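Numbered per this note's numbering, the sequence shown finishes at 1213, counting up by one with no gaps.
Built from N, CA and C at the ideal position, the CB exists for glycine as well.
If you're wondering where the values come from, they're calculated on a predicted model, not measured in any experiment.
Data block below; observations after.
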Amino acid sequence: MRNIYIVISQTGTLFSRLLALYTKDPYNHASIAFDSSLQEMYSFGRRRRYNMLDSGFIIESISGGLFIFFPQARCCVLEIPVTDAEYSAIRDEVDRFCRNHKKYKYNLLGVFTYIFGKSLAREDYYFCSQFVSYLLNKTSFWIRAPQFTRPMDFMSIPNRRIIYEGKVADFCVPHSVRPVSGATAAVE
């Protein structure tokens, strides 16, 4: 068995605040990582701080990128056990995205159609939780239409464990796996 990490967060950008107004969820962004340091997280989002239209596949870090500009940003880090085969399948798919990163675009239209309960899955277009859900569909525990997945949906993953919840700025890289008081492996 190996672990993958899903980070759900709320940065405080105008777009994330608008999403929060609609969803009423505490977290509106999702990323996936392969180690608990979270120095390499994979997702879909903006590539430049002030240009939401320049968006697509991104590699982000818990200690860099937009998180630097939003010290009050909050996150929840989920540790999820997967089989070696599932880990390899997800890792291989992320590597494919990395190799072809320029062809992938942010599915902004898909975010808006989701709001109206419609499905819009376009080839090579993803929003953050759609991308993470697409990857998780390579496991035995997650079967969900990626275009209808919200970041908070990842809290329902069986056997997930919350290893951190709080301000991103307080996430200490050398001590990155700190248990949350009262956290259990079971879904509440």
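By the Cβ test, the stretch 1027-1037 is not in contact with the stretch 1139-1147, since fewer than three Cβ pairs between them sit closer than 8 Å. In this structure, DSSP gives Y1075 a state outside helix and strand, which the three-state scheme calls coil. With a cutoff of 8 Å on beta-carbon distance, V1102 and Y1030 are scored as near each other.
Beta-bridge pairing by DSSP links G1191 to C1100.
Proximity to H1126 across S1062, S1068, K1163 peaks at S1068, based on C-alpha coordinates.
Where A1110 is concerned, the enclosing alpha helix (DSSP H) starts and stops at 1109-1124.
Here DSSP, grouped into helix, strand and coil, assigns A1058 to strand.
For I1031, there is no enclosing alpha helix (DSSP H); the residue is found in the beta strand (DSSP E) stretching over 1027-1035.
Of the residues assessed, I1105 falls on the buried side of the cut-off, its CB having 16 or more other CB atoms within 10 angstroms.
With the rule of 3 Cβ pairs closer than 8 Å, the stretch 1149-1157 does not count as touching the stretch 1058-1065.
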